[in-house]
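Undergrad: Under my numbering, the first residue of the sequence shown carries the number 553, and numbering increases by one thereafter. One structure coming up, written as C-alpha cells, with questions to follow.
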Amino acid sequence: RVLFRSEYYLCFDIGGTSIKYGIWEPERGFLMTDEKPTPAKKGGSEIVSVMKKTGDELVKLYPVAGICISTAGMVDCEKGIITYASPLISDYAGTRLKEEMESYFQLPCEVENDVNCAGLAECHAGVACGYSSALCVTVGTGIGAAILLDGKVLHGACGNAGEVGYMHLPGGALQDIAAASVLVSEVESAMGLPHGSIDGKWVFDHADTGDIICLSAIEKMADILSMGIANICYVLNPQIVVLGGGILAREERLLPLVHRGLKKYLISAIAENTRVKAARNGNRAGMIGAWFHFRERRF
C-alpha cells in the first residue's frame, strides 16, 4: 500500500505521569504534539476516557487514518491488551486499548510497550539506523530494554523479552539497584535530605560542582548498569547499545562512565565491537516508535 500525504496518524505515549499525544504525517513528522496528566490513580478506564476525549478533538482537525499507541506496562501486541502494569498505574492490567479505540473511532489501532517503541524509534529514525542488531536500554524509575534484530522487536515466547530490570545481580534486581530513582534515593539518604526533595537533575548539577556524594553515587550507578548491560551483551552480542531515559540528558557525564564499565566487564573481543550511544529522540521516542510499530503491522 502506498502512503499518501493526506494520511495522518494519531499517536499516544502513555506513561505514569503524562499522556503524550501528537499528529504524525509520515513524510513530514509531527504536525503537533502536547501532553496531559495521566489519571494514574483512577485506572485504565479513565486513561482510555482521556484518550478518547483527546482524539475527538484531533480527528475533527486532521483526516486521521490510524491510531498508534506506546504504553507503559507489558503488552500483548496481537490483542492490544495490557497484560501487566506496575502499581504506578492502578487497575491498568487487562485494559483492552486496541479494542476500545478501534470500536470508538472506527479506525485501525496498534499498541506496543513504550520501551520497545523507543527502540523502534532509534532503529528507524535515530542512532541505531543501519545496525542489524541493537539493544536499547531505558533508564528511569525502572529499567527496561528493547531487543531489535533487523529493525524488528524480539518479543519472546510470551511477549516479554527485554524485561532486563528484573535481571538479578549481586545486590538485587537491576532496576532496584541502578535505576535513576535509586540514584536519587541514595543521595537523599547520604545527605540526610527528605524523600522526594531532589531529582536526578539536582544530583548531576551538584556532581558538576564536585560534590563527592553525588559523584560517587553516579559512578556506582553507572558501574552497576554497565555490569547488567555487559551480561546482556554476552548473550545477544548486539552491534550497538543505545541508552535512553531522562537521565541521558546528561550523557556527557554518564556515557563515559558506561564506556569504562563495559571495558571492565566485557572481554575485549566484544567490547571493541560494541558501539554505545545515547538515544536521539528524547521524549517523543514512544510516539515515533508507535508509528513504526503500526507501519510494520499494517503495511
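Don't be surprised by glycine CBs; every beta carbon is placed ideally from N, CA and C. All of these numbers come straight from a predicted model, not from anything done at the bench.
How about V616 and Y561: do their beta carbons lie closer than 9 Å?
TA: Yes.
Undergrad: Buried or exposed: where does N789 fall if 16 or more other Cβ atoms within 10 Å of its Cβ makes it buried?
TA: When all chains shown are included, N789 counts as exposed.
Undergrad: Tell me the residue span of the alpha helix (DSSP H) that contains S655.
TA: S655 -> alpha helix (DSSP H) spans L649 to F657.
Undergrad: Taking C-beta to C-beta, are V828 and V793 nearer than 9 Å?
TA: In this structure, V793 lies closer than 9 Å to V828 by Cβ.
Undergrad: For the putative contact between A842 and C661, defined by C-beta atoms under 8 Å, what is the C-beta separation to the nearest angstrom?
TA: Between C661 and A842 the Cβ distance is about 10 Å, and since that is not below 8 Å, they are no contact.
Undergrad: Mapping the DSSP letters down to three states, classify M584 as helix, strand or coil.
TA: In the structure shown, M584 sits in a strand (DSSP, three-state: E or B).
Undergrad: Nearest to L809 by CA position, among V787, N835 and E771, is which residue?
TA: Checking every option, the nearest Cα to that of L809 belongs to E771.
Undergrad: Can you check the region 602-632 for any beta strand (DSSP E) of at least 3 residues that lies completely inside it and give the ranges in chain order?
TA: Whole beta strand (DSSP E) segments, 3+ residues: 616-623 and 626-628.
Undergrad: For I633, which residues of its own chain have a beta-carbon under 6 Å away from its beta-carbon, when the five flanking residues on both sides are left out?
TA: Closer than 6 Å at Cβ, skipping near neighbours: R648.
Undergrad: Taking L807 and I799 to be in contact with their CB atoms under 8 Å, please state how far apart those CB atoms are, rounded to whole angstroms.
TA: So it is not a contact: roughly 11 Å between Cβ atoms.
Undergrad: Could you say which of F846, E609, A769 and P639 lies nearest to T569 if we only look at CA atoms?
TA: Of the listed residues, the one whose Cα sits closest to T569 is P639.
Undergrad: Decide yes or no for the touch test of the region 655-675 against the region 700-707: beta carbon pairs closer than 8 Å, at least 3 of them.
TA: Yes, the region 655-675 is in contact with the region 700-707.
Undergrad: How is H707 classed by DSSP in three states: helix, strand or coil?
TA: Three-state result, H707: coil.
Undergrad: Which residue marks the beginning of the alpha helix (DSSP H) containing K815, and which one marks its end?
TA: Per DSSP, K815 belongs to the alpha helix (DSSP H) from E803 to Y817.
Undergrad: Reducing DSSP to helix, strand and coil, say where F564 ends up.
TA: Strand at F564.
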